[in-house]
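2 protein chains.
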Amino acid sequence: MTWLERPPDSLFGIANLPYGVFSLAGGQPPRVGVRIGDWILDLAPALGDDVFGEPSLNAFMAQGRARWSEVRSRITELLTGPQHRRIVEAALFPLSQARLHLPFVPGDYVDFFGNEYHAANAGRLFRPGGEALTPNWKHLPIGYHGRSGTIVLSGTPVTRPRGQRKAPDQDAPTFGPSRRLDFEAEVGFVIGVGSADPVPVDDFAEHVFGVFLVNDWSSRDLQAWESRPLGPFLAKSFATSVSPWVVPLDALDHARVSPPPRDPEPLPYLADAEKWGLDLALQVRLNGRLVARPPFAATYWTAAQMLAHMTVNGATTRPGDLFASGTVSGPDRDQGGCLLELTWGGAEPLTLADGSVRSWLEDGDEVTISATAPAGGGTRLGFGEVTGQILPALS
Amino acid sequence: MTWLERPPDSLFGIANLPYGVFSLAGGQPPRVGVRIGDWILDLAPALGDDVFGEPSLNAFMAQGRARWSEVRSRITELLTGPQHRRIVEAALFPLSQARLHLPFVPGDYVDFFGNEYHAANAGRLFRPGGEALTPNWKHLPIGYHGRSGTIVLSGTPVTRPRGQRKAPDQDAPTFGPSRRLDFEAEVGFVIGVGSADPVPVDDFAEHVFGVFLVNDWSSRDLQAWESRPLGPFLAKSFATSVSPWVVPLDALDHARVSPPPRDPEPLPYLADAEKWGLDLALQVRLNGRLVARPPFAATYWTAAQMLAHMTVNGATTRPGDLFASGTVSGPDRDQGGCLLELTWGGAEPLTLADGSVRSWLEDGDEVTISATAPAGGGTRLGFGEVTGQILPALS
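Protein chains in written order, with numbering that gives the first Met the number 0: chain A, 0 to 394; chain D, 0 to 394.
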């Protein structure tokens, strides 16, 4: 069976064509491929272009939007024109035989906090009795820099972090494994074309190559103790998992929606003429049980606004720089993108498929985030999953 | 004149030997050199090792401490043994003919907040009426990730950032050039040998290759508005300047001192058996006038503690990862490492050499940070300066 006989309801059909980096046992070094159904098209031979023989997407991404469109058209032509069948089949490998790698070499990593439901819930839980949203929240997309060197591919096990934590009723902190380990379901964006100048909201698609899923693993006990006044540090820096397939922006045309109404209107440099909300339906599974359905369309700040904000101060960008949306949540309890919200700070544990309950992640737990998006004509496309299992802390 | 006739009081004598990356007009690509007096020794030909032909220190740094010591000994031998004069002179270039480059390719960049005088002053100024130090401050070295992609070499002009700022008496933020632009005099540390495991305090010298100076340019008005709850972002990400010469740890043996007394005792993973305080005397010049003498020895948390803390949660490190101390300040007003402290939030402007006054940096202003350290026998060694001039904001 080849891609031609793939099931018609595939989330990885011709409307998707996400890019990744793969290698085969005993084969050549890692190189760029496109996923079609449960197959990978090896792009260097299929397109006769060495840029796809690189072990990351960075060089191709740096070629810019016109080239991205041209390559996507050419891949579509190859995969749909029966006359190209010989070329295609010679470069097609079953996904099951491939080892996947990080799709790009990460540059700087910025994590935003762009979802109002999450920000307000986190505010209520971290600052009881205080304001839910800080006064700046609706004026700018709040963000901070994360650690690039600990970005790992989906499937990489995550060792429970150790660190300092102090309960409100304790006088001094103690050291040990995090007791409040959490996931955060987020959507990531990778920059293909860097810029020495600020990137206006409307130039978003000239710079951002594509979209993927992120699990921003978070230690809530470390975070609560360390974050004042400079923000989260060890609570986040131990690992950030990303999905293996980068869905190009062009595949998401049918997913574009208006973001939530803005009140107040943001300053002119953040005004969004084009609608860059994205109707991605996320799902989070904990040990196989579906525990959350975060709706990305509910995110207040768009990725175009995030990029405009991130660069308006003169900060330059490079190919491979990435940013994430912040935890995706919605108005309903089962739309929370992290355990902090789903269990309301641990007070209302979840029951899993085996009858066990969870306030926070336990050793051995596996979290899997997936997403789909409208692809036109009533069909949907899929994102590659981002999954990870918790290993016990170092002793 | 050659290095042999250098003035005997040189801050870059045989006890120093800092590493950098340089190129010559019309010559080979950038490569590694060592500074001796006002000369650069081109290491690839002098030592016959291609690792020094690389355009950064990263590959050499990754070779580890035993190799660093061996190379330092060999360079010392070359420069002091008259029988090597022919080899040396063939590889020696006047500093004035060289163009300097970033000495290493930056990986992740963490900025700490490890000086008690600075942290308490900043607390008083940013949180009037509140606690000077947050309750966590004496328990852990607070830090956050900065932007690697905007680390620039000393001498690179710095464009005034634009962004949102809101005065307490305003209802809403406005957008425009920062009005409270500041410098921060810091000391930086670059990791040579990365680690997949936590790095104990006592293993510091196995991993950190050397020391340099940092100006963590900061926009106080952007910072005050954006930082809650996730810390500084655009206020810092537009530029961070570093000095061109990395002073190896081995050159700083005579500068090692006990850090300030700890109260309370930190948790065991932060206990410092070896003394890694460093008696570096910093100087800050604003348009040529000496405006501050920050004493690095006053810094509460040592670099060894910072590295231990940064990795104790399982965060991995790579060659080229760097971290900075946070602003260096002392108990006296003229020991403040930033204008925020030197002018007490702008309330007590400084008078410069030309009679003009400064609460914050103006366009055209030039900030130069230098430092010296004891080098044994009553001599001192110098760090390369980190300097930068402010350009007007984009319009």
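We put the CB at the ideal spot given by N, CA and C, even for glycine.
Check the Cβ of residue i against every Cβ in chain D and list those closer than 9 Å, keeping chain order.
i, result
"R161 of chain A", "P197, Y268, V311, N312 and G313"
"R164 of chain A", "None at all; the shortest Cβ gap to chain D is about 11 Å."
Going along chain C in order, which residues have a C-beta closer than 7 Å to the C-beta of residue i?
i, result
"R146 of chain D", "Structure shown: chain C not included; protein chains present are A and D."
Skipping 5 residues on each side, what residues in its chain have a beta carbon closer than 6 Å to that of residue i?
i, result
"A296 of chain A", "V256, G276 and D278"
"G106 of chain D", "R317, G319 and D320"
"F232 of chain A", "E225"
"V213 of chain A", "E185, G187, V241 and A323"
"G230 of chain D", "Y143"
"P197 of chain A", "T310 and V311"
"V87 of chain D", "L77"
"L390 of chain A", "P156 and T158"
"D41 of chain A", "G32 and A90"
"R179 of chain D", "R219, D220 and W359"
Please list, in chain order, the chain D residues whose beta carbon lies closer than 7 Å to that of residue i.
i, result
"W224 of chain A", "N135"
"S328 of chain A", "Those within 7 Å of S328 of chain A in chain D number zero; the least Cβ separation is about 16 Å."
"S194 of chain A", "Going along chain D, no residue has its Cβ under 7 Å from S194 of chain A, so there is no contact; the nearest lies around 11 Å."
"R317 of chain A", "G148"
Thinking just about the alpha-carbon of each residue, which of the options is nearest to the one in residue i?
i, options, result
"I13 of chain D", "D:L321, D:L351 and D:V246", "D:V246"
"A234 of chain D", "D:S217, D:S194 and D:L248", "D:S217"
"Y116 of chain D", "D:L341, D:V366, D:E347 and D:T367", "D:L341"
"Q388 of chain D", "D:D181, D:P330, D:F59 and D:D271", "D:D181"
"A89 of chain A", "A:A43, A:F211 and A:T315", "A:A43"
"F208 of chain A", "A:V200, A:L221, A:L339 and A:V189", "A:V189"
"H206 of chain D", "D:L306, D:G26 and D:R126", "D:L306"
"V385 of chain A", "A:A392, A:V283 and A:G345", "A:V283"
"D353 of chain D", "D:W244, D:S369, D:L285 and D:P330", "D:L285"
"G313 of chain D", "A:I150, A:A303, A:R379 and A:G336", "A:I150"
"V200 of chain D", "D:G344, D:G325, D:N15 and D:L266", "D:L266"
"S55 of chain D", "D:P243, D:Q163 and D:V327", "D:P243"
"F203 of chain A", "A:D364, A:G63, A:R379 and A:G345", "A:G63"
"V366 of chain A", "A:T298, A:G287 and A:A45", "A:G287"
"N114 of chain D", "D:E183, D:A65, D:R164 and D:Y18", "D:E183"
Residues of chain A with CB under 8 Å from residue i, in chain order?
i, result
"D320 of chain D", "G148"
"T298 of chain D", "Chain A residues near T298 of chain D: none, gap ~16 Å exceeds 8 Å."
"S171 of chain D", "Per the sequence shown, the amino acid found at residue 171 of chain D is Ala instead of Ser. In chain order: H138 and P263."
"G230 of chain D", "Y143, S226, P228, L229, G230 and P231"
Give me the chain A residues within the contact set of residue i, using Cβ-Cβ distance strictly less than 7 Å, ordered along the chain.
i, result
"R227 of chain D", "T133 and N135"
"T239 of chain D", "In chain order: nothing, as chain A lies at least about 11 Å away."
"F174 of chain D", "L266 and Y268"
What does a CB cutoff of less than 8 Å around residue i pick up in its chain, not counting 5 residues either side in sequence?
i, result
"A61 of chain D", "G191, V192, G193 and P318"
"S445 of chain D", "One cannot answer for residue 445 of chain D here, as it falls past the ends of chain D, which runs 0 to 394."
"M0 of chain D", "Any answer about M0 of chain D is weak, because its pLDDT of 42 lies below 50 and its placement is not dependable; what the coordinates show is given next. Nothing listed; no residue qualifies."
"D249 of chain A", "W67, S68 and R71"
"T75 of chain D", "I13 and L16"
Please list the terminal residues of the continuous beta strand (DSSP E) segment that includes residue i.
i, result
"F21 of chain D", "Y18 to L23"
"F211 of chain D", "V207 to N214"
"L152 of chain A", "I150 to L152"
"V33 of chain A", "R30 to I35"
"H144 of chain D", "G142 to G145"
"V385 of chain A", "V385 to L390"
Return the chain-ordered list of same chain residues with a C-beta closer than 7 Å to the C-beta of residue i, the five sequence neighbours on each side being excluded.
i, result
"T301 of chain A", "P258, D271, W275 and G276"
"D333 of chain D", "A291 and R292"
"A223 of chain D", "F125"
"A118 of chain A", "F112, L132 and W136"
"P348 of chain A", "T342, V356, R357 and S358"
Alpha helix (DSSP H) containing residue i: first to last residue?
i, result
"Q222 of chain A", "R219 to E225"
Can you pull the chain A neighbours of residue i, defined as C-beta to C-beta under 9 Å?
i, result
"L221 of chain D", "N312"
"F208 of chain D", "Those within 9 Å of F208 of chain D in chain A number zero; the least Cβ separation is about 17 Å."
"F112 of chain D", "P228 and L229"
>> Please give me, in chain order, every unbroken run of the beta strand (DSSP E) with length at least 3 that falls completely inside the stretch 41-118 of chain D.
In response: Those beta strand (DSSP E) runs which fall completely within the stretch 41-118 of chain D and span 3+ residues are 91-93, 97-100 and 108-111.
> Hey, which unbroken runs of the alpha helix (DSSP H) at 4 residues or more fall wholly within the stretch 234-314 of chain D?
Replying inline: For the stretch 234-314 of chain D, whole alpha helix (DSSP H) runs of length 4 or above, ordered along the chain, are 302-310.
> At what residue ranges does the stretch 316-381 of chain A contain a whole run of the alpha helix (DSSP H), taking only runs of 4 or more?
Replying inline: Here the runs fully enclosed are 338-341.
> Unbroken beta strand (DSSP E) runs of length 3 or more, entirely within the stretch 169-196 of chain A: which are they?
Replying inline: Listed in chain order, they are 173-176 and 184-190.
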